[in-house]
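Position 103 (the sequence shown) corresponds to 103 in this note's numbering; numbering is contiguous. A virtual CB, placed ideally from N, CA and C, is assigned to each residue, including glycine. Reading through the structure tokens given below for one structure.
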Amino acid sequence: EVLGVEQDVVLTPIQHDSPAEMAQALDVKDWKLGEVEPLPGKTMPSVTVVTRDYPNLSAQFTALGPLMAKVGNGGKGIAWNTKHEVEALGALNGVHIEGAAKGLPKIETDIDAAEVILMLAPETNGEVAIKAWEALSEITGREHAHLALPKEDEKIRFRDIQA
Numbered sequence: 001e002v003l004g005v006e007q008d009v010v011l012t013p014i015q016h017d018s019p020a021e022m023a024q025a026l027d028v029k030d031w032k033l034g035e036v037e038p039l040p041g042k043t044m045p046s047v048t049v050v051t052r053d054y055p056n057l058s059a060q061f062t063a064l065g066p067l068m069a070k071v072g073n074g075g076k077g078i079a080w081n082t083k084h085e086v087e088a089l090g091a092l093n094g095v096h097i098e099g100a101a102k103g104l105p106k107i108e109t110d111i112d113a114a115e116v117i118l119m120l121a122p123e124t125n126g127e128v129a130i131k132a133w134e135a136l137s138e139i140t141g142r143e144h145a146h147l148a149l150p151k152e153d154e155k156i157r158f159r160d161i162q163a
């Protein structure tokens, strides 16, 4: 093995529609030109240390990562719990029984990948849509979940969209 477990420093750009985007609301200044103090996540990208486990890369590419069950899913500055969906994916796609991906839902085929997207996306899973709108409600202080309530029981699976 040439590569083992390595750590990389990664810059993550300021995300659109997130609190970090509002850090320079009136005028964007460039920290590289000395126009503003470089503050990670405010005036420059966030700095993150990422662990790369090269010997287990294949196992990681063919499984849904553990953070989906632990941290959840989200975007644009909001997040919601996806533990229930991860368990459902394990029942639908099967789980790895050994190795670095032990216990994690499989993503070994194109259909497995499609099922992951369909299960976790608010657009194709009514329960997830409710969670996403509730997460937005926490940030805005206004009720939004009612927008998805009529679709709460709808779940689109791969078999529903195939020709």
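If you look at I111, you'll find it in the alpha helix (DSSP H) that goes 110-120. Bridge partners of W80 according to DSSP: N73. Shortest Cα-Cα distance from Y54 to any of K106, A121, A100, L104 involves A100. In this structure, DSSP gives T124 a state outside helix and strand, which the three-state scheme calls coil. DSSP places Q60 in the uninterrupted alpha helix (DSSP H) bounded by 57-61. For R159, the enclosing alpha helix (DSSP H) has its first and last residue at 158-161.
In the DSSP assignment, V10 falls within the unbroken beta strand (DSSP E) covering 5-12.
If you draw a straight line from the Cα of A129 to the Cα of G34, it is about 43 Å long.
Selection V116, A113, V86, A132 evaluated against P122 yields A132 as nearest (Cα-Cα). By the criterion of a C-beta distance shorter than 7 Å, H146 is surrounded by no residue of its chain, once the five residues flanking it on both sides are discounted.
The segment 89-100 makes contact with the segment 108-115: 3 or more CB pairs, one atom from each, lie closer than 8 Å. When L57, S18, A59 are compared, the shortest CA-CA separation from K42 is found for S18.
Assignment of beta-bridge partners to R52 by DSSP yields E6. Ranked by Cα distance from I78, the options G126, G90, A135, L57 are led by A135. A direct Cα-Cα distance of roughly 47 Å separates G90 from D27.
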